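For the protein sequence lines, the chains are A and B, in the order given. First residue of the first sequence? That's 45 in the working numbering, and the numbers climb one at a time after it. First residue of the second sequence? That's 45 in the working numbering, and the numbers climb one at a time after it. Here the structure is laid out as structure tokens; the discussion comes afterwards.
2 protein chains.
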Amino acid sequence: MRIGPEVILLDCGEGTQRQLMRSSVSFMKISRIFVSHFHGDHFLGLPGLIQSMALNDRKEPLEIYGPTGIVELMKSLLGLGYFKPAFEVCVEELEPGERVAFERFSVTCALADHTVPCYAYAVEESQRPGKFNKARALELGIPEGPMFSKLQSGESVILPGGMVIEPSMVLGQPRKGRKLVFSGDTKPCDSVEALARDCDLLIHDATAAADNEDKANAYGHASARQSAALAAKAGARMLALVHISPRYDDAAPLLEEAKAIHPNCILPKDLDEVEVPLPDA
Amino acid sequence: MRIGPEVILLDCGEGTQRQLMRSSVSFMKISRIFVSHFHGDHFLGLPGLIQSMALNDRKEPLEIYGPTGIVELMKSLLGLGYFKPAFEVCVEELEPGERVAFERFSVTCALADHTVPCYAYAVEESQRPGKFNKARALELGIPEGPMFSKLQSGESVILPGGMVIEPSMVLGQPRKGRKLVFSGDTKPCDSVEALARDCDLLIHDATAAADNEDKANAYGHASARQSAALAAKAGARMLALVHISPRYDDAAPLLEEAKAIHPNCILPKDLDEVEVPLPDA
Numbered sequence: 045m046r047i048g049p050e051v052i053l054l055d056c057g058e059g060t061q062r063q064l065m066r067s068s069v070s071f072m073k074i075s076r077i078f079v080s081h082f083h084g085d086h087f088l089g090l091p092g093l094i095q096s097m098a099l100n101d102r103k104e105p106l107e108i109y110g111p112t113g114i115v116e117l118m119k120s121l122l123g124l125g126y127f128k129p130a131f132e133v134c135v136e137e138l139e140p141g142e143r144v145a146f147e148r149f150s151v152t153c154a155l156a157d158h159t160v161p162c163y164a165y166a167v168e169e170s171q172r173p174g175k176f177n178k179a180r181a182l183e184l185g186i187p188e189g190p191m192f193s194k195l196q197s198g199e200s201v202i203l204p205g206g207m208v209i210e211p212s213m214v215l216g217q218p219r220k221g222r223k224l225v226f227s228g229d230t231k232p233c234d235s236v237e238a239l240a241r242d243c244d245l246l247i248h249d250a251t252a253a254a255d256n257e258d259k260a261n262a263y264g265h266a267s268a269r270q271s272a273a274l275a276a277k278a279g280a281r282m283l284a285l286v287h288i289s290p291r292y293d294d295a296a297p298l299l300e301e302a303k304a305i306h307p308n309c310i311l312p313k314d315l316d317e318v319e320v321p322l323p324d325a
Numbered sequence: 045m046r047i048g049p050e051v052i053l054l055d056c057g058e059g060t061q062r063q064l065m066r067s068s069v070s071f072m073k074i075s076r077i078f079v080s081h082f083h084g085d086h087f088l089g090l091p092g093l094i095q096s097m098a099l100n101d102r103k104e105p106l107e108i109y110g111p112t113g114i115v116e117l118m119k120s121l122l123g124l125g126y127f128k129p130a131f132e133v134c135v136e137e138l139e140p141g142e143r144v145a146f147e148r149f150s151v152t153c154a155l156a157d158h159t160v161p162c163y164a165y166a167v168e169e170s171q172r173p174g175k176f177n178k179a180r181a182l183e184l185g186i187p188e189g190p191m192f193s194k195l196q197s198g199e200s201v202i203l204p205g206g207m208v209i210e211p212s213m214v215l216g217q218p219r220k221g222r223k224l225v226f227s228g229d230t231k232p233c234d235s236v237e238a239l240a241r242d243c244d245l246l247i248h249d250a251t252a253a254a255d256n257e258d259k260a261n262a263y264g265h266a267s268a269r270q271s272a273a274l275a276a277k278a279g280a281r282m283l284a285l286v287h288i289s290p291r292y293d294d295a296a297p298l299l300e301e302a303k304a305i306h307p308n309c310i311l312p313k314d315l316d317e318v319e320v321p322l323p324d325a
């Protein structure tokens, strides 16, 4: 996930570094990794990714967050074989409901409902600057051009006559940032629904089609239509179906089942890039 | 590596299970894995592969061999996350020079020369049946057809007149099986050369081109031309260059450098299948 110049990673299954190398994102730019749970397809890519970062002379620390047990797990993973990274790996265990805040965003976790302790994560962008009032800017005598961009990005400018223009003079109220929620592996549950309230993009477990829902639920997973129902109840603007079982050569029917309930629904393929819609777009 | 109905694996880097799924070999058929050394790109695929075997209801035991430390490493790998395979994983540490024999083949290890303890492995096929003497078979009155195949595969047959024909009556002396040697990561060294003596296929570290040989050696790797020189001295019939540095978008020059020294040399790509030539073909 790109947020401004920063890249964060939600889970890291085996082969993640290989897919990152095929993507438009540099794995060296990853600053923070959030792990949902300790099943192999969600964390076994960590040691290889960290070793590749070390081979590429990474100096910046790497932060890793996850449920209780992540500290012990990372100790084991980093102790495998002949290897010790030259950069710092900071590992932190989160409590259910805990929120960690950074410069450009915050991340809140909630317990999902899987066969082992599993977190869903909400990534919330910090406030964005207010809307630029072009008419007001022209009234103030600001020439159209680079000064507009500076003001929009929060810098003040000085007009040729010496007058100082503060961004607040031409910008509206700060606007809400975007909210993305990643469910981890889960069957439908209230805590993920609550976490996903009014989010702009919900990425949700959609392991099975409707006719295999009971089995999916028994294994701690959701069907596509259950994800869609949860997204609709939570008021999620867009839903991305993930964790489709490999038994579906063609997952189009799952997408159809979900769209019947929540029309703004996508089925991203590996390496697809999805723009999180702006809440007021 | 396929040997009759059996499949063995030489090293298991991250993503091995994914590549196996794209190959013509079923990962469920793997009976034994030989690990050269404990750098991530040679063993980090083990936990995911074993987890996938477990998810696919494997019942057969899996044998894993490697240098000292493999028992402890596998204990750590199998203890990661919420996971315990339902099948037996038998792990064995080999001494340099040790030979383990199975029904269809034996495996001998030798110390390679890398930055950490690393084994090269020689896989030697058991004896193959002798050459079928068609003229002799016809003399004995054996009708051309299914009886020929039975005799060639070591079964005796009974002629319409009641005469019993033993395979030894129509087969020549048993013939030497094939020998494949895998170098692991290594700079050129005598012990790998000795292990590779008269082998039919040598798979050897060929990290760099000649103009980068010193650096490759400093990191415990060989150049393509050094591999070729070693193969020629060892009398290896065919050489496969592997572990090419990703810095070479086009590795053709490495192949040319090697072929100048050892003409029977190949540069296999991922998923290529190579038939080990018969020694007397």
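Idealized CB from N, CA, C, for every residue including glycine. Quantities reported herein were computed from a predicted structural model and do not represent experimental measurements.
- Which two residues bound the contiguous beta strand (DSSP E) that contains K223 (chain A)? Note, K223 (chain A): beta strand (DSSP E), 223 to 226.
Problem - Range of the contiguous beta strand (DSSP E) that encloses T60 (chain B) - result: Counting along the chain, T60 (chain B) falls outside any beta strand (DSSP E), though it belongs to the alpha helix (DSSP H) covering 60 to 66.
My assumption, with CB atoms under 8 Å, is that A253 (chain B) sits in contact with L299 (chain B). Please give the rounded CB distance. For a cut-off of 8 Å, the C-beta gap from A253 (chain B) to L299 (chain B) is around 10 Å, too long to register as a contact.
*asked:* With a threshold of 8 Å between beta carbons, is R102 (chain A) in contact with chain B?
replied: Not one beta carbon of chain B lies nearer than 8 Å to the beta carbon of R102 (chain A).
Requested in this report: Have a look at A:E169, A:T159, A:L117, A:P105 and flag the residue whose alpha-carbon is nearest the alpha-carbon of R222 (chain A).
Outcome: With distances taken between Cα atoms, R222 (chain A) lies closest to A:E169.
Check your understanding: Which stretch, first to last residue, makes up the beta strand (DSSP E) that contains E169 (chain B)?
Key -> 163 to 169 is the extent of the beta strand (DSSP E) around E169 (chain B).
* Asked: For the alpha helix (DSSP H) that contains V214 (chain B), what are its first and last residues?
  -> Note, V214 (chain B): premise wrong, no alpha helix (DSSP H); not H, not E.
* Scan the segment 98 to 127 of chain B for residues whose Cβ lies nearer than 8 Å to a Cβ of chain A and list them as they occur along the chain. => Listed in sequence order: L117, S120, L121, G123, L124, G125, Y126, F127.
For V236 (chain A), the first and last residue of its enclosing alpha helix (DSSP H): That run of the alpha helix (DSSP H) goes 234 to 239.
Practice prompt. Return helix, strand or coil for F82 (chain B), following the three-state DSSP convention.
Written response: Three-state DSSP puts F82 (chain B) in coil, outside helix and strand.
Which residue's Cα is closest to the Cα of G57 (chain B): A:M118, A:R62, A:Y109? Of the listed residues, the one whose Cα sits closest to G57 (chain B) is A:R62.
*asked:* Does D249 (chain B) pass the burial test, meaning 16 or more other C-beta atoms within 10 Å, or should it be called exposed?
replied: D249 (chain B) should be labelled buried.
- Using the rule of at least 16 other Cβ atoms within 10 Å of the residue's Cβ for burial, across every protein chain shown, is I202 (chain A) buried or exposed? So I202 (chain A) counts as exposed.
*Going by the CB atoms, is the gap between K175 (chain A) and G123 (chain A) shorter than 8 Å?*
Between G123 (chain A) and K175 (chain A), the C-beta spacing is not below 8 Å.
Would you mind giving the Cβ-Cβ distance between V115 (chain B) and V135 (chain B), rounded to the nearest angstrom? I have them listed as a contact below 8 Å. Correct: roughly 5 Å between the Cβ atoms.
*If C153 (chain A) sits next to E137 (chain A), beta carbons under 8 Å apart, how far is it from one beta carbon to the other, in whole angstroms?*
Cβ atoms of C153 (chain A) and E137 (chain A) stay farther apart than 8 Å, at about 10 Å.
For the beta strand (DSSP E) containing V115 (chain A), name the first residue and the last one.
Looking at the DSSP string, V115 (chain A) is not in any beta strand (DSSP E); the run it does join, the alpha helix (DSSP H), is 114 to 122.
Q. Taking E147 (chain B) as the reference, which of B:D85, B:T230, B:P161, B:V167 has the closest Cα?
A. Of the candidates B:D85, B:T230, B:P161, B:V167, the one whose C-alpha sits nearest the C-alpha of E147 (chain B) is B:V167.
Discussion item. Residues of the segment 279 to 306 of chain B in Cβ contact with chain A at a cutoff of 7 Å, in chain order, please.
Written reply: Going along the segment 279 to 306 of chain B in chain order, one finds no residue with a Cβ nearer than 7 Å to chain A.
Next item on the list: Check whether the Cβ of Q196 (chain A) lies closer than 8 Å to any Cβ atom in chain B.
Entry: In terms of beta-carbon proximity, Q196 (chain A) stays away from the interface with chain B, with every pair separated by 8 Å or more.
inquiry  = Residues in the same chain with beta-carbon distance under 7 Å from D293 (chain B), minus the five sequence neighbours each way, listed in chain order, please.
reply    = Excluding sequence positions up to five before and after D293 (chain B), its CB lies less than 7 Å from no other CB in the same chain.
For H83 (chain B), which residues in chain A fall below 9 Å Cβ to Cβ?
Per Cβ cutoff of 9 Å: Q95, G125, Y126, F127.
Practice task
Could you name the residues of the same chain whose beta carbon sits closer than 7 Å to that of G113 (chain A), not counting the 5 residues immediately before and after it, in chain order?
Solution key: Hits under 7 Å: F82.
Consult DSSP for G110 (chain A) and reduce its assignment to one of helix, strand or coil.
Shown here, G110 (chain A) sits in a strand according to DSSP, grouped into three states.
For the segment 181 to 205 of chain A, list the alpha helix (DSSP H) runs that are entirely contained and at least 4 residues long, ordered along the chain.
Runs found: 190 to 196.
Beta-carbon neighbours of G92 (chain B), restricted to chain A and to distances below 7 Å = Under the 7 Å cutoff, chain A gives E58, G84, L88.
Q. When DSSP labels each residue in this structure, what does L88 (chain A) get in the three-state scheme?
A. In the structure shown, L88 (chain A) falls within a coil segment according to DSSP collapsed to helix, strand and coil.
Open item on the list: Could you tell me which whole beta strand (DSSP E) segments of length 3 or greater appear in the segment 244 to 322 of chain A?
Closed with: Counting only runs of 3 or more, we get 245 to 249, 283 to 286.
Buried versus exposed call for L245 (chain B) [16 or more other C-beta atoms within 10 Å across all chains shown]:
Residue environment analysis places L245 (chain B) among the buried positions, since at least 16 neighbouring C-beta atoms fall within 10 angstroms of its C-beta.
>> Tell me the rounded alpha-carbon separation between M97 (chain A) and F127 (chain B).
In response: Cα-Cα distance, rounded: 27 Å.
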